[in-house]
Structures are given as structure tokens and as C-alpha cells.
Amino acid sequence: MPLTKFENARQALAPVSRQAAAEGIVLLRNIDNVLPLHKECKISLFGRCHVDTYRSGTGSGGAVNVPYSISALEGLRGHSSININEELVQVYHEWLAEHPFDDGGGGWAAEPWFQEEMPLTTLVVTTAKQCSDKALVFIGRTAGEDQDNAVQPGSYLLTDTEYDMLQKVCAQFDDVIVILNVSNIIDMSWADTITNKQSIKGILYSWAAGMEGGHALADVLSGDTSPSGKLTDTIAYQIEDYPTSANFGNRDRNFYQEDIYVGYRYFSTFKPHAVQYAFGEGLSYTQFERDLASLTQHGEGKNKALHFHIKVTNTGHVYSGKEVVQLYVEAPQGKLGKPTRALVGFNKTRTLAPGESELIRVTVPYALLASYDDSGVTGYKSCYVLEQGRYQFYLGDSVQAATPIEATLDLDNLLIQEQLTEAAAPITSFERIRPDQQIAQGIYSLTKENTAVRTVDMQERILSRLPESIELTGEQNIKLSDVKSGQATLVNFIAQLTPQQLATIVRGEGMCSPKVTPGTAAAFGGVSNDLFELGIPVAAAADGPSGIRMDSGHKATQVPIGTLLGCTWNTELNEHLFYLVGQELQSHQIDTLLGPGINIHRHPLNGRNFEYFSEDPMLTGAMAAAQVCGLKSAGVSGTIKHYAANDQETARFDVDSIMSERALREVHIKPFEMAVKLGGATTIMTSYNPINGHWGASNYDLNTTILRGEWGFEGIVMSDWWAKMNSPIEAGKEDKSFTSFMIRAQNDLYMVVENDGAERNAMNDDTLDALENHTLTLGELQRSAMNICRFVMNAPVMSRRLVPYEPIRSFDSAEHTESEPVVSINDSISLNCTSNTAISLEVKEDGIYQISATASYDRNSLAQSSCSLSINGEFSMSLPLNGTDGNIQTIEGLQVRLHKGHYQIQIEFVKPGLKLHQLAFTQSN
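With the UniProt record's numbering, the residue at position 912 of the sequence shown is 912, and numbering never jumps.
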């Protein structure tokens with residue numbers, strides 16, 4: 001039987017996901033060449049996560065229904081050169097049977113960040129040692145939406161049981177390898193303090209590696225693949241050493257006092273001795289030499305760039321491997337102050353055999369060497385400049401190990417790179433850090449200075465830039481396809497839309513809209529009959545970024561988490577991986593993936609760091625651009641998120657991210673700029689939080705001044721789901737209904753209202769009221785409608801046959817077994833269930849029946865749950881529900897056409913959490 005489109009896409013994607021997972025594994029310690037493993041060496045596996053292996057985080061970024069998932073045990077067992085102590089595995093299986101995996105009930109963000117670990121007795125460990133040579137100890141953590149990590153056991157710290165496990169294993173085994181199956185970096189102090197620490201000869205981060213993770217781990221541990229992953233974050237000895245610790249987790253205002261000195265930029269400049277494992281660090285089974293072969297300069301003006309040609313040689317004698325070339329710069333301190341190291345370029349070799357070399361080119365645009373002057377201290381306010389002095393370049397295999405090379409850029413005078421305008425500056429001043437006096441080579445004392453504050457009149461800025469309104473013409477029989485084919489202009493097409501239709505098109509519907517692929521996050525575009533008749537199809541958006549989330553229960557491939565993919569330092573691999581993800585999206589008729597996530601790892605405790613790449617903006621931007629390019633090559637789009645500064649989960653809907661304009665531009669939105677300019681991104685999702693007083697979805701300077709005015713972005717901007725907005729002029733009070741502020745800021749789409757709620761304004765937003773009272777112009781609303789239509793015209797949905805949404809599906813009756821209990825369609829069906837169930841239904845009269853249910857979910861309104869309803873084995877509809885705080889609510893399902901007879905109704909709880917109380921079939925007149 002030929003494979004389906006889904007199966008073809010999955011078969012192509014799985015091996016590349018496995019390769020990416022292997023390349024993102026980071027080996028941090030390998031004393032006495034304890035790795036790779038050899039067949040004659042038997043290994044004992046400790047820690048439950050060798051069985052219950054984490055494949056992703058929780059929430060929208062990890063909730064993918066997978067066809068299979070390879071645990072660490074399955075991957076290691078399946079490798080011919082790895083010899084496992086099966087007696088110990090059996091001990092774990094027996095214990096796990098009585099202590100099953102705790103998924104917190106399976107509800108939204110309910111899963112605990114760690115699993116209860118099997119307590120070890122000395123007898124178990126000594127018995128294992130008698131029949132094995134080496135020990136693999138697994139430590140597992142997940143993380144996710146709505147909850148940050150904490151400096152507590154089972155989160156950032158080891159539990160007492162985990163610590164005891166390490167102590168007991170190290171006491172008996174001379175060769176211990178610790179495998180960190182985690183979504184975020186964790187405290188590593190135990191590696192240097194635990195009793196018999198000398199036994200820990202191997203440490204690696206295997207991360208959460210998707211559904212092929214177990215195979216990838218086996219590839220690396222066996223030596224089939226030499227590890228080539230490098231850290232994308234700094235691991236400090238103490239959590240207090242991170243400069244963001246003083247402000248991270250605040251619930252009202254979060255001052256970014258660290259300014260541009262995030263992660264290694266801070267540690268390299270002020271506190272290198274506080275670093276346990278450095279940014280960019282990661283071992284291989286072989287060794288490499290890196291030598292600068294040549295340096296040339298090309299381009300003129302703002303397009304100038306330096307081209308470094310670096311010869312990389314595998315100097316080992318046994319193993320082939322890949323190496324990452326990392327290039328850093330030390331810029332002159334000047335008047336602005338700079339970090340003593342900043343990543344300005346990187347590249348990765350192909351697999352090099354022992355003795356083999358490759359010439360690698362790393363291009364460094366002058367733009368990456370420039371600093372933004374937000375105060376005017378250089379004489380050029382709101383300008384990217386290169387201050388005069390020497391720019392010294394460093395080459396190495398981590399930021400700490402990088403050494404100076406004979407490559408400098410010497411400027412006799414300040415060089416203007418790009419003159420911009422002040423945008424999104426803070427409203428009130430606060431203190432930020434900067435270098436003061438040099439106290440050692442490349443190390444500075446720390447001082448503070450006040451940030452510059454906003455001087456722009458936002459009312460004047462916005463009102464002076466209002467788009468012209470297009471005169472309404474009424475129906476002219478122009479279809480969107482006419483615009484795409486060049487037979488009509490987009491302006492003439494939009495002129496046909498009434499204000500009511502314009503207000504409808506800026507509302508997306510979901511979750512689990514029946515108008516698009518089942519179980520996806522949103523439908524947008526032609527969500528009403530009026531819009532559809534104008535030839536506007538309904539586009540689909542699906543959660544990502546580690547695979548397609550479909551709350552209908554449909555399956556998709558889960559790729560590794562963002563942090564692991566960042567640790568590959570391989571843009572070509574990321575681009576190819578997401579080209580294949582894009583093909584899977586196409587096979588499911590999904591137009592945009594809600595990813596990649598490209599916020600900065602500002603602090604190790606952010607619960608959602610796993611969705612993002614790194615603490616470094618340049619590395620993050622390069623990875624984002626690669627993934628967006630890959631998706632674009634497959635004909636779909638990546639919705640880069642969350643714009644901007646969504647870097648903590650605590651109070652993420654309310655906490656004001658207060659930062660300097662320099663920190664905003666150089667660090668927190670730099671990845672978005674790169675994804676737009678280099679990756680051609682056409683969709684962006686704004687953040688929940690305010691930035692300098694203005695909520696992300698209604699922040700005019702972010703969404704219009706910078707994004708569209710400076711970067712030339714021509715795509716759509718959508719809100720995060722159920723976001724709030726406030727005035728782009730006065731800031732002030734925020735609310736979900738203030739969509740007029742969103743439209744004025746040029747956040748085009750509000751995500752989301754309930755299904756079939758866009759046309760009837762189910763959320764009672766203020767768009768039409770604002771038009772009527774002239775606080776929003778028709779031109780602004782038309783501008784967003786044009787952005788949406790422009791996107792839809794270039795989306796896959798426009799190439800598919802334009803099929804109207806059919807709200808009523810027909811089902812035929814099935815054979816009935818007399819022994820089965822039957823309920824009548826005329827009765828209210830009492831279920832009171834929280835797990836999968838089935839009923840046999842008797843229909844006594846042909847007709848159209850409206851399906852509804854009553855349900856409750858004891859979580860807040862941002863928690864999401866879903867069950868799917870199938871009729872005679874055929875998927876019929878999703879029944880989604882947000883948290884109800886335990887109150888019973890009605891879920892309106894779809895209408896179905898049923899004939900007299902019997903039907904099997906199957907209910908599957910795809911995302912547990914809700915309680916289904918009653919199901920009803922009401923015959924329509």
C-alpha cells in the first residue's frame with residue numbers, strides 16, 4: 001500500500017531529527033576517555049529517565065502527539081556495540097510498575113518538573129558493579145509554560161534522592177557518566193562537591209531530544225557520532241552570580257539593569273571566575289586545530305563586511321568529527337562601554353576524518369560590530385556606531401578558551417553605521433550597569449549609569465503617520481484570486497469590504513477551529529461567509545516549535561527542543577530540518593507554524609527557555625533565520641515569537657519589561673531583526689507582557705516604527721492567544737477587548753475568539769466602536785486587512801481548491817451488537833468521565849443534530865484541554881475547553897447529519913484536564 005503524504009513526510013523527517021539530536025548533545029567532561037562506550041564494556045543504567053525519557057517540555061511548545069518515542073533505554077538496547085546490565089533494568093521496571101510516571105493528570109502545564117526517583121540501596125549498586133564496568137546516571141527535568149523553575153530540589157537543584165543516587169554510584173564505580181535529560185540548564189555544583197567526585201568522568205547534556213532522542217544518544221555514546229554540540233548558555237557556579245537574578249521573577253516591573261550584559265557578556269567582562277562551564281564549551285572524541293588563513297574586506301558603506309577564512313584540522317588519530325568555529329570580538333570601550341567578548345560569527349565544519357582539514361569562511365558584517373547610542377553620548381543619538389579604536393578578534397572553542405588572532409580592525413574615527421530614530425525607549429529612568437575601570441586584562445570593575453528616557457511625543461508620531469483611508473466602493477465582484485493573478489489591485493479589493501467585514505478579518509478563531517485542520521491553534525482569514533465569498537480562504541496556524549501540536553489526537557513528528565537545536569551551532573542542519581517540518585505542515589494543510597521561539601535566555605530559571613535557543617542574540621538570530629528559511633522553502637511560514645522580552649513565565653501577562661533602548665535593540669529584538677532581514681520572516685507573534693509600559697500587541701514602536709519602518713517587514717503580526725492591549729499613546733489600563741489599540745499599533749490579528757465568534761464579535765471588542773468615535777481610522781483597519789490578505793495570497797491555502805466550510809457532516813449508521821448497552825439520542829447522556837470512553841447511540845429519526853457537552857476544568861482560563869469525538873471510528877470534531885476554575889460550562893460542538901440506526905461514539909481525551917459531565921444531541925429544526 002502506498003504511503004500517505006503524512007507518512008512520507010514523517011519518514012523523511014525522522015532521520016534528520018535524529019541527526020540534529022545527536023549534534024546538539026553537549027559533552028562537558030570526558031576524563032580518561034570514559035566515552036565512547038565499547039562492546040566489551042558492560043554498563044549499568046541508573047535513574048528512571050533511562051526508561052521515562054523526556055522528549056520535550058510542556059505547554060504549547062511541547063504538546064505534540066507522536067507516533068512513537070524512543071527512550072534512552074530503547075536506543076541503547078538497539079545498538080549492537082552497547083552492552084547493558086539487564087538485571088538492573090529489571091529492578092527499575094519492577095519499581096516503575098508501582099511508581100508510574102506522574103503526568104499531573106495530563107492537564108495543561110500540570111506535569112511536575114521532575115519524577116520521583118527510585119531510592120538506591122548499597123546492595124543494588126554493589127550487585128550492579130559486580131557485573132558491569134561503567135555506570136550511566138540519568139537526571140531528568142522538564143519545564144514549560146505558565147511556571148518558572150525554582151532554586152529548589154527537583155527543579156534547578158538535585159533532590160536528596162538524586163544526590164544520594166550519585167553518592168552511592170560514585171562510591172562503587174570508578175567510571176561514572178552523568179546524562180542530563182533536561183530542558184534547561186541546572187545547577188552543576190555537585191560535579192565538584194560530591195563525595196568521590198573523581199568517579200564522575202563523563203558529563204553530558206542530552207537535553208530533551210524529541211521522539212528520536214534515544215537513538216541519538218546511542219549514536220553519541222557508542223562513538224558512531226562524535227559529539228559536536230556546544231553550550232549556548234553560561235553555567236555559573238551559583239545562581240546568584242547571574243546578573244539578572246536580582247530582578248528575575250518580579251511580578252509587576254522587571255528592570256533589565258544588566259542592560260546588554262546578558263550571560264557570557266557579563267561574565268567575560270566582570271566575573272569570569274564565576275563560570276563553571278563557559279558559553280560555547282563542548283568536547284569531542286577527537287581534537288581540532290583552528291588557524292586563520294586569510295582576512296579580507298568587501299562592500300561599501302553600511303554593507304561592509306569582514307571575511308575570515310579559517311583552516312580547521314582534525315588532529316586526532318581515531319575519530320572523525322565536526323567542529324564549530326567561534327569568532328568573538330573585543331571592541332574598544334569608548335564612551336558607550338562594551339562587553340569584552342561578543343560572538344560575531346560562527347560556522348560548522350563537515351565531518352572531518354583524522355588528519356583532514358577544511359577551509360571555513362566566517363563573514364562578519366560591520367553591523368555586528370556596531371553599538372547603539374541611546375543617549376547621544378557619542379554625539380550621534382539613536383544611531384548604530386563603531387567607536388574609534390581597535391577591534392580585536394578572538395578564535396577558539398568557547399568564549400573563555402578563545403585567544404587573540406592576527407586580525408584586527410583599527411578605526412581612527414567614529415564610524416556611523418546606521419542612523420535611526422528613538423523607539424520604544426523607557427518611560428522612566430533606572431540604573432543600568434556598564435564597565436568602569438580595568439582591573440585585569442579584559443576584566444573591568446562595574447559601575448552604574450542612568451538610562452535615557454523617552455523624548456518622543458507618541459501622539460504626534462502616530463497621528464502624523466496615519467495611513468490614508470480607502471474609499472468604500474461596495475461589492476465590485478473582485479475576488480482575492482484576481483489580486484493574486486494581477487487582474488485587480490489589493491487596494492480595490494479591500495475597498496469592497498465593509499467596516500463590519502474589516503473588523504471580522506482581524507479576528508482569528510480557535511482553539512481547535514473546525515474550519516481548518518483538526519486540533520490546530522487558530523483559523524484566520526476568510527472566517528465568515530461574507531469574507532469567504534470574496535475568495536478569502538481560511539488559513540491554519542499550529543503550535544510549535546518542536547513539532548505540530550494537534551489537539552485532535554492526530555500524530556506528528558516531534559523534533560528536539562530549541563535549546564538543543566541551538567547547541568548544534570549548525571544553521572544548514574536547522575534549515576534542512578525545518579524544511580522537512582514544513583513538508584509535514586503542508587501534508588496536514590497547515591499554513592504557519594507558531595515558531596521558532598526566539599526570546600533570549602535571560603535567566604536560567606525561565607520555564608520556557610527550552611523553546612528558545614540561547615543567551616546570545618547573534619546565535620539566536622542565525623538559528624531563527626535558518627529555520628524560517630527552511631519553512632519558507634517548503635512553502636509555509638514560521639511565526640517567530642514572542643516579540644518581545646517574553647523571558648519569564650511568572651506573571652508573564654502583566655510584568656512590565658523595563659529596559660534601555662540599547663538593550664532592546666542589541667539583545668532582545670536583534671534575533672527578530674535577523675529573522676526578518678536574513679530569513680525573510682513573514683509572520684510574527686507579539687508577547688503577552690508590556691515593554692516599557694506598552695503591552696506587546698499594542699506597542700506601536702515595536703510593531704510599526706521598528707519592525708515595518710526600519711526592517712522593511714511586510715508580513716502579518718498576530719497577538720499571543722487572549723492577549724491584552726493598552727493605549728499605544730498613553731499606555732495606561734489594559735484589556736483583551738482593546739483591539740483598536742492593537743490595530744493602531746499594526747498588530748494585525750487578534751488571536752483568538754471562540755469558534756464562529758469573529759463575525760458576531762464574541763469577545764465584544766472595541767474595533768467598530770473606535771471607528772465610530774474616531775479613535776481609530778478606517779485606513780488603519782484597512783491597513784491590517786491588507787497585511788492579512790497579502791499573507792494569505794502567498795500562503796499554501798491560496799493554492800488549494802477553495803472549498804467552503806461545511807458545518808454539517810453526514811455519518812452512516814453501523815452494525816449493532818445486541819450485548820452492547822445502548823443510549824437513546826433523545827436522552828441527555830450522563831458521562832462524568834475524565835478518560836477515554838465509548839457509548840453506543842441509537843438514532844430513532846433521520847435528522848441534523850447539534851452536539852453539545854457540559855464540562856469543567858479546575859484550572860484558570862489560560863489552561864487548555866481538549867477531547868476529540870469520533871463517530872463509527874471516523875474523527876468528527878474537537879471539544880476544546882479552557883480552564884473554568886472548576887465551574888461547569890457548555891461546549892458547543894458541531895452539527896452532524898445522522899440516519900436512523902446505531903452509532904459508536906468514541907471520546908478521546910487528547911489533552912487531559914477537563915471533566916466531561918454530559919453529552920447531548922439536539923435535533924435541529
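For every residue, glycine included, the Cβ atom is placed at its ideal position computed from N, Cα and C. Fair warning: this is a prediction, and the values are worked out from it, not measured in the lab.
Three or more Cβ pairs closer than 8 Å define a contact, and the stretch 330 to 338 falls short of that threshold against the stretch 303 to 322. Classified as exposed, F101 has fewer than 16 neighbouring CB atoms from the shown chains inside 10 Å of its CB. Considering only C789, M877, I505, the residue with the shortest C-alpha distance to E806 is M877. For H601, no alpha helix (DSSP H) segment is defined, and its DSSP state is neither H nor E. The way I'd put it, the stretch 84 to 91 doesn't touch the stretch 166 to 185; fewer than three beta-carbon pairs between them come closer than 8 Å.
Residue range 200 to 205 is occupied by the beta strand (DSSP E) that includes G202.
Secondary-structure assignment with DSSP links E842 through a beta bridge to S824, H902. DSSP links F811 through a beta bridge to L898. Note on geometry: alpha-carbon atoms of I505 and L531 lie some 8 Å from one another. Beta-bridge partners of Y256 (DSSP): none assigned. Of all C-beta pairs linking the stretch 634 to 646 to the stretch 301 to 314, fewer than three are shorter than 8 Å, placing the two stretches out of contact.
The shortest C-alpha to C-alpha distance from G223 to any of V516, P596, H79, L158 is the one to H79. Note on geometry: alpha-carbon atoms of V377 and G709 lie some 25 Å from one another.
In this structure, the alpha-carbon of E815 lies about 8 Å from that of Y903.
Each residue's CA atom was taken as its position, placing T834 and E111 some 16 Å apart. Taking all protein chains in view, the Cβ of L123 is surrounded by fewer than 16 other Cβ atoms within 10 Å, so the residue is classified as exposed. Here the alpha carbons of D827 and T922 stand approximately 9 Å from one another. When secondary structure is reduced to three states using DSSP, P690 falls in the strand class. A direct Cα-to-Cα measurement between I405 and F524 gives close to 53 Å.
Within the same chain, R48, V51 come within 7 Å of L96 by CB-CB distance, once the 5 residues on both sides are set aside. Here C131 is exposed. Its C-beta has fewer than 16 other C-beta atoms within 10 Å. W695 sits in a strand when the DSSP states are folded into three classes.
In this chain, the alpha helix (DSSP H) harbouring N529 covers 529 to 533. For S633, the closest C-alpha among the options S614, G680, E820 is that of G680. Taking the Cα positions, L776 is about 18 Å away from M763. The residues M751, V752, in chain order, have a CB closer than 7 Å to that of W721 in the same chain once the five nearest residues on each side in sequence are set aside. If the five residues before and after H694 are omitted, its C-beta is found closer than 7 Å to the C-beta atoms of N726, P728, A731, all from its own chain and listed in chain order. In the same chain as A109, and ignoring 5 residues on each side of it, the C-beta atoms closer than 8 Å to its own belong to T58, G59, G144, E145, D146, Q147, A863, in chain order. Annotation for Y394: the continuous beta strand (DSSP E) segment containing it runs 389 to 396.
Within a 10 Å sphere around the beta-carbon of A246 sit fewer than 16 other beta-carbons, which makes this residue exposed.
Pairing A853 with L879 gives a Cβ-Cβ distance under 8 Å. Shown here, I194 sits in coil according to DSSP, grouped into three states, outside any helix or strand. Using a Cβ distance threshold of 8 Å, E666 and P617 count as a contacting pair. The residue among G61, T363, V325, A342 with its C-alpha nearest the C-alpha of T349 is V325. For M763, there is no enclosing beta strand (DSSP E), as DSSP marks it with neither H nor E.
Contact annotation: P537 and T269 have beta-carbon atoms that are not nearer than 8 Å.
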